[in-house]
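Quick notes on the structure that follows.
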Amino acid sequence: MSKPDETTGISSDTDSAGAEVSSAEGVKNGQGDGAGGFIILFFIIGFVASLIIGWVVFPKLLYSQKTQPFDFNHALHLEAVSDGCESCHIFRDDGTYAGVPSNEQCIGCHEGVQGDSPDEKIFVDEYISKEREVPWFVYSKQPDCVFFSHAAHVKKAGMECVTCHGHIGESTSLRVYEENRITGYSRDIWGKNIAGVKRETWDRMKMDDCAECHEKEAGKRSSVQTDKEACFVCHK
69 MSKPDETTGI
79 SSDTDSAGAE
89 VSSAEGVKNG
99 QGDGAGGFII
109 LFFIIGFVAS
119 LIIGWVVFPK
129 LLYSQKTQPF
139 DFNHALHLEA
149 VSDGCESCHI
159 FRDDGTYAGV
169 PSNEQCIGCH
179 EGVQGDSPDE
189 KIFVDEYISK
199 EREVPWFVYS
209 KQPDCVFFSH
219 AAHVKKAGME
229 CVTCHGHIGE
239 STSLRVYEEN
249 RITGYSRDIW
259 GKNIAGVKRE
269 TWDRMKMDDC
279 AECHEKEAGK
289 RSSVQTDKEA
299 CFVCHK
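Taken in order, the sequence shown gives residues 69 to 304; the numbers are from the working numbering.
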């Protein structure tokens, strides 16, 4: 039995009970802190897993990878021509852009196999000799609802090819073509890469890049198209 306090006359049992309550609350608080730490850890793990799924797993599911009919060396061809990119990627007489070269443009040099490149042999044997156009996968191919004028950008605005296509003329091979399984569009024309980091110097043909350039150049050039922000300027 506890002894009464000489001053107050109150038994020390009350103090013991209070100490027990305080001890129980401390244990309870400790358990709460542990639960909170577990929740934070769980959140971090979930966040990291989401990033991995979003950046690595999901793109592999969303985009199919396709290889070109044969490889192509831009650097080798650029050394052999006199007018740079426009030697092969020409503008027609009416000012419209021809885009990917046709066999007619290539046959002058590739009527027969010139070297020991297996890719050139495929081109000559399977396409030139058989008069078949090469079914290239065009990285910058726009949806049917989008209008883009090379003439307006190159001829009128005086833009260089490298502004949008980077130094693709220095490339010695073609990269894998990635196609959206849902829309059928090229991955190159929509969205941003991981954290906005561009994989290649010529990866500048996305809608965000167009919008950024138009916003930056608005009011600086004579073209009224640059100043327009309406969707129908590009989407017809």
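Ideal placement from N, C-alpha and C gives every residue a C-beta, glycine not left out.
Between which two residues does the alpha helix (DSSP H) holding residue 173 run? 171 to 178
Roughly how many angstroms lie between the CA atoms of residue 242 and residue 236, to the nearest whole one? Using only the alpha carbons, I get a separation of about 9 Å.
If contacts are defined as beta-carbon pairs under 8 Å, then residue 189 and residue 181 qualify, I think. What distance do you get, rounded to the angstrom? 5 Å
Assigned secondary structure, residue 280 (DSSP; H/G/I helix, E/B strand, else coil): helix
Contact set for residue 245: own chain, Cβ-Cβ below 8 Å, skip 5 residues either direction: 133, 134, 135, 136, 205, 207, 254
Complete beta strand (DSSP E) runs within the stretch 224 to 260 (minimum length 3 residues, chain order): 245 to 248
Under 7 Å: does the beta carbon of residue 243 sit that close to some heavy atom of the ligand MN? This structure simply doesn't include the ligand MN, nor any ligand for that matter.
Can you check whether the CB of residue 214 is closer than 8 Å to the CB of residue 303? Taking C-beta atoms as the reference points, residue 303 and residue 214 count as a pair closer than 8 Å.
In the DSSP assignment, find the unbroken beta strand (DSSP E) run with residue 304 in it and report its ends. Note, residue 304: premise wrong, no beta strand (DSSP E); not H, not E.
Quick one: what does DSSP say residue 150 is sitting in, helix, strand or coil? coil
Quick check: the Cα distance between residue 161 and residue 221, rounded to an integer number of angstroms? 17 Å
Applying the criterion that 16 or more other CB atoms from any shown protein chain within 10 Å of the CB defines a buried residue, is residue 177 buried or exposed? exposed
Since residue 134 is in the alpha helix (DSSP H), which residue starts that stretch and which ends it? Residue 134 -> not in any alpha helix (DSSP H); beta strand (DSSP E) instead, spanning 131 to 134.
Mind checking which residues open and close the alpha helix (DSSP H) that includes residue 186? 186 to 191
DSSP state of residue 35, grouped into three classes? The chain is shown only over 69 to 304; residue 35 falls outside these bounds and no answer can be derived.
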